[in-house]
Amino acid sequence: GQSLEQPSEVTAVEGAIVQINCTYQTSGFYGLSWYQQHDGGAPTFLSYNGLDGLEETGRFSSFLSRSDSYGYLLLQELQMKDSASYFCAVRGRNYQLIWGAGTKLIIKP
Amino acid sequence: DTGVSQDPRHKITKRGQNVTFRCDPISEHNRLYWYRQTLGQGPEFLTYFQNEAQLEKSRLLSDRFSAERPKGSFSTLEIQRTEQGDSAMYLCASISQAGTGGTEAFFGQGTRLTVV
Numbered sequence: 046g047q048s049l050e051q052p053s054e055v056t057a058v059e060g061a062i063v064q065i066n067c068t069y070q071t072s073g074f075y076g077l078s079w080y081q082q083h084d085g086g087a088p089t090f091l092s093y094n095g096l097d098g099l100e101e102t103g104r105f106s107s108f109l110s111r112s113d114s115y116g117y118l119l120l121q122e123l124q125m126k127d128s129a130s131y132f133c134a135v136r137g138r139n140y141q142l143i144w145g146a147g148t149k150l151i152i153k154p
Numbered sequence: 005d006t007g008v009s010q011d012p013r014h015k016i017t018k019r020g021q022n023v024t025f026r027c028d029p030i031s032e033h034n035r036l037y038w039y040r041q042t043l044g045q046g047p048e049f050l051t052y053f054q055n056e057a058q059l060e061k062s063r064l065l066s067d068r069f070s071a072e073r074p075k076g077s078f079s080t081l082e083i084q085r086t087e088q089g090d091s092a093m094y095l096c097a098s099i100s101q102a103g104t105g106g107t108e109a110f111f112g113q114g115t116r117l118t119v120v
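Protein chains in written order, with the numbering used here: chain A, 46 to 154; chain B, 5 to 120.
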């Protein structure tokens, strides 16, 4: 079967740094993506790792270790607008996405 | 606005009725995907088109579901004989011709289906 595990909820303080972990077991792996989704909104792309290592995009970074079937999303200088659900998703052969259940990020002032 | 539009945004239907949703992807994107998302869960892949060809269907896609992309542009998803378990958000996404990594999928706002 295919499964992705990520924490259901994370709480952090405005201005802080938070890390959201993701472990996966999938048949066929072509990369790990991260998406943000606000309540009632569409998922929006944040980051993609096709190879091991760290990808940095502004305040967001994502890491992948294929040997450990593990990745994480790092959000720095948290802002209230970052309150949302964050999903890791494994990319399949046809670029379809297999998703985790999502991590709800709660940011407190 | 990602450039992917879905219609309608909301649909309430009685159990047993048929419904059809439409997705207009970004015009130059040849890959189109349908996903279903229920509350508190991640989206689940349903089906994939490359141009007009439906190349992959999930086992989640029962025979009551059918999707088309007749001219390789817009796509429709039809659910026949709807059941209460079909209540969900139906999301459409498009991707340009894939090259290297950085495969960003652009999602529409979704169609929220409620079966009563």
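Just so you know, even glycine gets a beta-carbon here, dropped at the ideal spot from N, CA and C.
Short of 8 Å Cβ to Cβ, which residues in the segment 99-112 of chain A face chain B?
none
Give the residues of chain A in contact with Arg35 of chain B, contact being defined as C-beta atoms less than 7 Å apart.
Tyr140
Does the segment 78-97 of chain B touch the segment 111-119 of chain B, meaning 3 or more C-beta pairs lie closer than 8 Å?
yes
Would you verify that the beta carbon of Ile65 of chain A is, or is not, closer than 9 Å to some beta carbon of chain B?
no
The segment 52-76 of chain A: positions lying closer than 9 Å to chain B by Cβ:
Ser53, Tyr75 and Gly76
Could you check how far apart the C-beta atoms of Thr107 of chain B and Tyr115 of chain A are, in whole angstroms? I think they sit under 8 Å.
Between Tyr115 of chain A and Thr107 of chain B the Cβ distance is about 20 Å, and since that is not below 8 Å, they are no contact.
9 Å Cβ cutoff met for Leu77 of chain A and Leu99 of chain A:
no
Determine which residues share a DSSP beta bridge with Asn34 of chain B and list them.
In DSSP, Asn34 of chain B forms no bridge with anything.
Take the Cβ of Thr102 of chain A as the centre, count every other Cβ of all protein chains shown within 10 Å, and call the residue buried at 16 or more, exposed below.
exposed
Does DSSP put Lys75 of chain B in a helix, in a strand, or in coil?
coil
Compare the Cα-Cα distances from Ala57 of chain A to each of A:Leu142, A:Leu119, A:Phe132 and A:Gln47 and report the closest residue.
A:Leu119
Alpha-carbon spacing of Arg111 of chain A relative to Ile152 of chain A, whole angstroms:
30 Å
Let me know if Asp97 of chain A comes out buried or exposed under the rule of 16 or more other beta-carbons within 10 Å of its beta-carbon.
By the neighbour-count rule (16 or more Cβ atoms within 10 Å), Asp97 of chain A is not buried but exposed.
Taking 9 Å as the CB-CB limit, is Gln45 of chain B close to chain A?
yes
How would you write the range of the beta strand (DSSP E) that Val135 of chain A sits in, first residue to last?
Boundaries of the beta strand (DSSP E) harbouring Val135 of chain A: Ala129 to Arg136, taken from the DSSP string.
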